[in-house]
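Worksheet: one structure, shown below.
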Amino acid sequence: MLHKTRGIVLKTTLYSESSVIVQVFTEKFGIQSYVINGVKKPKAKISMNMLQPLHLADMVVYHKISTNLQRVSELKPSPIFRSIPYDIVKSSIVIFLNEVLYKSIRQEHTDENLFSFIFNAVSWFDATETADANFHLAFLLKLSRFLGFAPNMESKNDQNYFDLQEGEFKSTPPIHPHYIAKADAVLFISLFTTPFERIYEIKLSNSTRRALLDKILIFYTLHTASFGEIRSHQILEDVLS
Numbered sequence: 058m059l060h061k062t063r064g065i066v067l068k069t070t071l072y073s074e075s076s077v078i079v080q081v082f083t084e085k086f087g088i089q090s091y092v093i094n095g096v097k098k099p100k101a102k103i104s105m106n107m108l109q110p111l112h113l114a115d116m117v118v119y120h121k122i123s124t125n126l127q128r129v130s131e132l133k134p135s136p137i138f139r140s141i142p143y144d145i146v147k148s149s150i151v152i153f154l155n156e157v158l159y160k161s162i163r164q165e166h167t168d169e170n171l172f173s174f175i176f177n178a179v180s181w182f183d184a185t186e187t188a189d190a191n192f193h194l195a196f197l198l199k200l201s202r203f204l205g206f207a208p209n210m211e212s213k214n215d216q217n218y219f220d221l222q223e224g225e226f227k228s229t230p231p232i233h234p235h236y237i238a239k240a241d242a243v244l245f246i247s248l249f250t251t252p253f254e255r256i257y258e259i260k261l262s263n264s265t266r267r268a269l270l271d272k273i274l275i276f277y278t279l280h281t282a283s284f285g286e287i288r289s290h291q292i293l294e295d296v297l298s
């Protein structure tokens, strides 16, 4: 049976000489794997350019509960990216976020709120004229709410440490090393609460941005099963430095 759904491309793997398996986070079915034939042919109906990291698409798919490998009838970019493929900063941020998302999302069921957040955030990032270097930090912190481990923003005057393991402010440093002191913790929470349209107002030095990203990745490692190492981390830092 054919179904219409929107999708977010997460990973493309070679399957044969001219075919690939694409893992897509779909609005209707959660994460699904699709085999797509003939993508490398000159006149391919669905080309490799449409299957790049975090590309957004309208899809018509076959869906069978009894199989783990589905098939695609139609796929077209929607919206068509205007800037991400052509802007080195934006494309580097998207590659990094794609890797984090691939290691964080496990939903093999419908999660429309999570899907809408990612879809709308990526669409906005492509449409905005300037690539704010804080976008990936804000995106990951906002994403944590949909993954179930959003930071607790409540803080008393004497609570000068943010415990990444517990996700809340503490009056004394925890016995483990995974915490942020007050000054950086305030920035951490600001990135979580500030709308994307205003994140340019948060002024960060390159060193502070790197330090916060390290802490955010620790935050994800502590709260996401089998998160592992992020390989695109260093490349992104090089681009933004």
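Going by the numbering used here, the sequence shown opens with residue 58, and the numbers climb by one from there. Just so you know, even glycine gets a beta-carbon here, dropped at the ideal spot from N, CA and C.
- Looking only at T229, F276, K61, E131, the smallest Cα-Cα distance to N94 is reached by E131.
- In the DSSP assignment, H290 falls within the unbroken alpha helix (DSSP H) covering 290–297.
- Excluding five sequence positions before and after S90, the CB atoms of its chain that fall closer than 6 Å to its own CB belong to I78, Q80, L126, given in chain order.
- Assigned with DSSP and collapsed to three states, D115 falls in strand.
- The C-alpha of I88 is placed about 13 Å away from the C-alpha of I122.
- With contacts defined by Cβ atoms closer than 7 Å, P136 and S180 form a contacting pair.
- Scanning its chain for C-beta atoms nearer than 7 Å, with the 5 sequence neighbours on each side dropped, one finds around N155 the residues L67, P110, L111, in chain order.
- Nearest in C-alpha terms to E211, of all of L274, F245, T83, is F245.
- In the DSSP assignment, A238 is bridged to Y218.
- Judged by DSSP in its simplified three-state form, R163 adopts coil rather than helix or strand.
- Residue nearest to F249 within the set A207, Y236, S264, Y218 is A207 (criterion: CA-CA distance).
- Taking the Cα positions, V117 is about 18 Å away from S173.
- Counting only unbroken stretches of 4 or more residues, the alpha helix (DSSP H) elements lying wholly within the stretch 224–271 are 239–250, in sequence order.
- A straight-line Cα-Cα distance of about 6 Å links F82 and G64.
- At a Cβ-Cβ threshold of 7 Å, A114 and P134 count as neighbours.
- The stretch 125–202 is shown to contain whole alpha helix (DSSP H) runs of 4 or more residues at 145–161, 169–184, in chain order.
- Between the stretch 189–198 and the stretch 254–268 there are three or more C-beta pairs closer than 8 Å, enough to call the two in contact.
- CA-CA distance, D295 to S148, rounds to 13 Å.
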